[in-house]
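Have a look at the structure below, then the notes.
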Amino acid sequence: MENVAESIPNACPGTASQTAGKASGCEGCPNQKLCSTGKAAAVDPAVEEVRQHLSTVRHKMLVMSGKGGVGKSTFVSQLAFGIAEDRTKQVSVLDIDICGPSIPRVMGAEGQQVHLSGSGWSPVYIDENLSVMSVGFLLESLDSAVIWRGPRKAGLIKDFLCKVDWNELDYLLIDTPPGTSDEHLSIEKYLSGSTIDGAIIVTTPQEIALVDVRKQINFCKRVGINIIGVVENMSGFVCPKCTRETQIFIPETGGGEKMAEEMAVPFLGRIPLDPRIAQCCDDGQSFVSEFPDSPAAVAYKNVIATIVSRCEKVHQEAASGAMETD
Amino acid sequence: MDHMETKKNVERPLAFVKHIILIMSGKGGVGKSTVAVHLALRLKNAGFKVIRGVRTVRAKIRYLGITEGIGNILVGLLDADLCGPSIPTMLNIEQKKSKFSKNWEPVFVDMEQRLCVMSVGFLLTNRNDAIILRGPKKNATIKQFLNDVDWPDLDYLIIDMPPGTSDEHISVIENLREYNLDGALLITTPQAVATGDVRRELSFCKKTVIPIIGIVENMSGFVCPYCQECTNIFSKGGGEFLANQLEVPFLGRIPICPQISRYQDGHAESLKLFSQTNEADSIEAIVKKLVK
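Residue numbers (our numbering), protein chains in the order written: chain A, 5 to 330; chain B, 44 to 335.
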């Protein structure tokens, strides 16, 4: 095999980069020829199509981590439920974790099907003002593996953005899988012509999670995604019997708040562990509604309020032309 | 001790590896890498019996004047999570680098050179740099990690897989077809959200004809260190239920261990401390089923 030794740590420079197709990281990539001729840098017409299609969506937010299992889908679901408690707000969740679609279950929509209408694919409505779209609704069987390579995943993400009848929305929350790969590059690319509020980064306190999360934050900075802030999930556990607190995921290096400070991004708050959260996710219920007085629900509501407040501010600044995204 | 000369057949570079085990899940954050590391550490020492309160076999051998000859199990640990490599951090060897001459050299964790690791983590100049890889680049890297690494004569090659069922998984299977693949060890946490992904991973294994070694349920209950009350933070029983339903072996549960990250550097002291925990008993039970 051709020696790609030096190229392994160097990632794809991006199809729009001046070194596209020519960087050492391009060795072995089937798109190398296309990129080196500059053809890949031409703006995909789908970007404009997405911009137009999502022009009726006021706020678009990505929920990311880099690390798996920190509670991205859990957080997205509770964020959606929380915002949708205001019945005047229209909220949708888009699940682009194509191999591991958790959103249908955690939002109580498992087993539902997507309907095709004249204006596109209709998302699945959980409530009058809350809907969901996921590959989970398109599977013949919920137990079937989705064994797709990158380009096919990218194609579905494009379809989700262009063909789903999102209608007029206040919030579109996009749940992403762990890593920094095809799904992330695709969502960034197809949203590059649209105004997005930014990314919420979810982490847990321990260093092994922070290692991946720093990479995700740097990915966002590299591609120009604004970071709304970092949420530290699974932050401490209070024993229901003796009420003493234990750090299950030990913040050996200072946890999410210190990491956010070091990376110069906002810190939005901490959410403690509560076994009822896992139960609600399994049952597809809103934890913030079922147990509103629990410390975790209070923490969620505080974080949600901070996010909504920041998004409104970002939106106002964007509307006044003070801020634009590439 | 230098590792033995490889008897590599260039066309089948992993032909000499006696056992290849995939650590998979489908779900992220269930503890695949943690289990992979502890499995590797335990297998490495599998030649020696660790019996609490009794002198170890190694101590007895030293007493008898025998210093070498048994228990030289060689373990390789391949970190196939290309975008989020955890293994070097867990084993506290992040600062080491993998050298490349004709092939990549795996990094040895221990002085005895019986546990070596390959990870994209060794190739980073800055640990905070995002590793942004599309599918084709992931495929190329996986292929290199399997074909172009100078693994020693391994008894076990453990491959820590990322979550999902995508390029890395397809590439690993494609490149392991001709070798001694024991199968996949599936890690889950108890709740249905996790087992849902593991079902899909099992479906992937079935479609690609990977034998299932069994299911391990991790983060299975937390015992409060103050009052000993056990709380099922991530629900209960889902792993065993899944195993029974899909008729695959259930290998056991590992409770939540907040200190687990402190025992993963491979040092004798850390391993000794870990061996005194309930979590170690769980992993020991799993290893016994693995190497029966």
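Cβ coordinates follow ideal geometry from the N, Cα and C atoms, glycine included.
None of these values were measured; they are calculated from a predicted model.
Chain B contact for residue i (CB, 8 Å cutoff)
i, result
"A/Q117", "no"
"A/T257", "no"
"A/S106", "yes"
"A/T23", "no"
"A/R274", "no"
"A/V80", "no"
"A/P182", "yes"
"A/S246", "The displayed chain sequence assigns Cys, not Ser, to residue 246 of chain A. Interface residue, yes."
"A/T41", "no"
"A/I254", "yes"
"A/G72", "yes"
"A/P299", "no"
"A/Y161", "Note that residue 161 of chain A is Ile in the sequence shown, not Tyr. Not closer than 8 Å to any Cβ of chain B, the Cβ of A/I161 fails to qualify, so no."
"A/V67", "no"
"A/D186", "yes"
"A/Q94", "no"
"A/G154", "yes"
"A/T207", "no"
"A/V234", "no"
"A/D216", "yes"
Proximity test, Cβ basis, 8 Å: residue i and chain A
i, result
"B/E260", "no"
"B/L295", "Here residue 295 of chain B is Gly; the residue named in the question, Leu, does not match the sequence. Chain A contact via Cβ: absent."
"B/P301", "yes"
"B/C159", "no"
"B/E148", "no"
"B/P298", "no"
"B/Y269", "yes"
"B/G207", "yes"
"B/S246", "yes"
"B/R170", "yes"
"B/T132", "yes"
Other residues of its chain near residue i: CB distance less than 8 Å, five sequence neighbours each side excluded
i, result
"B/W147", "S141, M161, Q187, F188, D191, V192, D193"
"A/G112", "I130, D287, G288, Q289"
"B/I216", "T251, I253"
"A/E114", "P108, G140, L146, G288"
"A/R91", "E132, N133"
Cβ neighbours of residue i in the same chain (closer than 6 Å, five flanking residues each side left out)
i, result
"A/G140", "P105, P108"
"B/I104", "Summary for B/I104: the model assigns pLDDT 36, below 50, so the residue's position carries little reliability, and this model does not support an answer."
"B/F317", "Y306, A323"
"A/R274", "E236, S239"
"B/A79", "I66, I201, D203"
"B/V266", "C273"
"B/T238", "T231, G281, L285"
"A/R280", "F295"
C-beta contact flag for residue i and residue j at 8 Å
i, j, result
"A/G72", "A/P155", "no"
"B/N321", "B/P292", "no"
"A/K305", "A/G86", "yes"
"B/G282", "B/P233", "yes"
"A/I100", "A/I178", "yes"
"A/E294", "A/C284", "yes"
"A/A282", "B/F277", "yes"
"B/L229", "B/L84", "no"
"B/I136", "B/V118", "no"
"B/L86", "B/I63", "no"
"A/C30", "B/Y269", "no"
"A/T180", "A/G260", "no"
"B/G178", "A/D186", "yes"
Beta-carbon contacts of residue i that lie in its chain and below 7 Å, excluding the five residues immediately before and after
i, result
"A/E53", "C166"
"A/D174", "R62, H63, K93, Q94, V95"
"A/K317", "none"
"A/A303", "G273, R274, I275, P276"
"A/A50", "K162, C166, Y194"
"A/E192", "V227, I229"
Any C-beta of chain C under 8 Å from that of residue i
i, result
"A/A149", "Looking at the structure shown, chain C is missing, and the protein chains on hand are A and B."
Whole alpha helix (DSSP H) runs in the stretch 248-297 of chain B with 4 or more residues, listed along the chain?
Taking only runs of at least 4 residues, the alpha helix (DSSP H) segments lying wholly in the stretch 248-297 of chain B are 281-288.
Go through the stretch 173-202 of chain A residue by residue and report every complete run of the alpha helix (DSSP H) that reaches 4 residues or more, in order.
Correct list: 186-194.
Check whether the stretch 216-223 of chain A and the stretch 247-257 of chain A touch, using three or more Cβ-Cβ pairs below 8 Å as the test.
As far as the Cβ criterion goes, the stretch 216-223 of chain A does not touch the stretch 247-257 of chain A, which means the pair count is below three.
Completely contained beta strand (DSSP E) runs for the stretch 299-325 of chain A, where each covers 3 or more residues:
Counting whole runs of 3 or more residues, the stretch 299-325 of chain A contains no beta strand (DSSP E) stretch at all.
For a minimum of 4 consecutive residues, which ranges assigned as the alpha helix (DSSP H) are wholly contained in the stretch 260-306 of chain A?
The stretch 260-306 of chain A is shown to contain whole alpha helix (DSSP H) runs of 4 or more residues at 279-287, 291-294, in chain order.
Contact between the stretch 268-284 of chain A and the stretch 224-235 of chain A is defined here as three or more beta-carbon pairs at a separation below 8 Å; is this criterion met?
Segment contact: the stretch 268-284 of chain A against the stretch 224-235 of chain A, three or more CB-CB distances shorter than 8 Å; contact assigned.
Check whether the stretch 113-132 of chain B and the stretch 160-175 of chain B are in contact - that is, three or more C-beta pairs closer than 8 Å.
A contact between stretches requires three or more CB pairs, one per stretch, nearer than 8 Å, and the stretch 113-132 of chain B meets this requirement with the stretch 160-175 of chain B.
Give a yes or no on contact between the stretch 133-151 of chain A and the stretch 240-250 of chain B, applying the rule of three or more CB pairs nearer than 8 Å.
Between the stretch 133-151 of chain A and the stretch 240-250 of chain B, the count of Cβ pairs shorter than 8 Å is three or higher; the stretches touch.
Give, in chain order, every unbroken run of the beta strand (DSSP E) that is at least 3 residues long and sits entirely within the stretch 154-228 of chain B.
Whole beta strand (DSSP E) segments, 3+ residues: 158-162, 199-203.
List in chain order: all unbroken alpha helix (DSSP H) runs of 4+ residues lying wholly within the stretch 99-134 of chain A.
Counting whole runs of 4 or more residues, the stretch 99-134 of chain A contains the alpha helix (DSSP H) stretches 107-110.
Can you find at least 3 beta carbon pairs, one from the stretch 253-264 of chain B and one from the stretch 216-231 of chain B, that sit closer than 8 Å?
As far as the Cβ criterion goes, the stretch 253-264 of chain B touches the stretch 216-231 of chain B, which means the pair count is three or higher.
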